[in-house]
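Data block below; observations after.
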Amino acid sequence: MGVLKTAGIVAALAIAGVLIAAATRSDTFRVQRSASIKAAPEKIFPLIDDLHRFNTWNPFAQQDPNLKGSYSGAASGKSAAYTFAGNGNVGKGTIEIIDSAPASRVTMTLHMLAPFETRNTVQFLLEPQGELTRVTWAMQGSVPYFAKIIHLFIDMDRMVGSEFDAGLASLKAIAEKTP
0 MGVLKTAGIV AALAIAGVLI AAATRSDTFR VQRSASIKAA PEKIFPLIDD LHRFNTWNPF
60 AQQDPNLKGS YSGAASGKSA AYTFAGNGNV GKGTIEIIDS APASRVTMTL HMLAPFETRN
120 TVQFLLEPQG ELTRVTWAMQ GSVPYFAKII HLFIDMDRMV GSEFDAGLAS LKAIAEKTP
C-alpha cells in the first residue's frame, strides 16, 4: 500500500507542477520569421495580397493534396477571404485580409475551427533594402490556459516557425523567378 500511496503523491505533485508551470506562461504568443528577397516590394506584394497567389507558395496549403477551399469577398486586398478544410495538419478555418497597404503591409485574421478554435493575427511586412526586400511573416494571438499546458510540451515557435521559413523560401523562389 505504501508504494501506491507514494506513486499517487508523486503523480499529484507532477500534475501540480505542470499546472503551475502553465500558469506562469505568457497569455500571448508571437511567431516571426524574415527573409531577404531579391525583388522589389511592388513585385512581392501581389503574391501575398491576392490569396489565390498566396496559396501557390503558402506551406500550409501544400500540406494536404486533397485540401478543399473557396475564395470569397474581394479578389485581393481588404476583405479577400479563403475558407479551407483539410487534413489534421491543415485543419479547418478561414483567413481574411483585414488591412492592406500597397507594397508595404498585409494584415490577416486566421480563424481556425479545427483542430481547435482560435483567432490569430497574421502580418506580412515588406521593407525595401536596396535591391532586396526584407519580408517578415508574423503571427500572434492569445493563449488560453489549456493551450499553455500544450505549449509546455510543443514548441510552437519551432513548429510554426519552420513552416514560415519554408513558405518564405517558396515566396523567394517565385518572386525572384517571376519577370
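FYI, the numbering for the sequence shown is 0 to 178, going by numbering that gives the first Met the number 0. Beta carbons: idealized from backbone N, C-alpha and C, even for Gly.
Beta-bridge partners of G68 (DSSP): F83. DSSP assignment within the stretch 97-177 yields the following whole beta strand (DSSP E) runs of 3 residues or more, N-terminal first: 104-113, 117-128, 131-141. Closest option to D98, judged by alpha-carbon separation, among N88, A146, A80, A113: A80.
A direct Cα-to-Cα measurement between N88 and T55 gives close to 18 Å. Excluding sequence positions up to five before and after I173, its CB lies within less than 8 Å of the CB of L46, T55, W56, all in the same chain and listed in chain order. Q31 is bridged by DSSP to A137. Here M158 is exposed: its Cβ has fewer than 16 other Cβ atoms, across all protein chains shown, within 10 Å.
Between the alpha carbons of S25 and P178 lies a gap of roughly 44 Å. When the alpha-carbon of A39 is set against those of G140, S161, G129, the nearest one is in G129.
A distance below 7 Å between beta-carbons, with the five flanking residues on each side excluded, links D164 to the following residues of its chain, in chain order: R32. Contact annotation: R118 and H110 have beta-carbon atoms nearer than 7 Å. Contact between E95 and G72 holds: their C-beta atoms lie close to 7 Å from each other, under 8 Å. The secondary-structure analysis by DSSP pairs K91 across a beta bridge with A84, A113.
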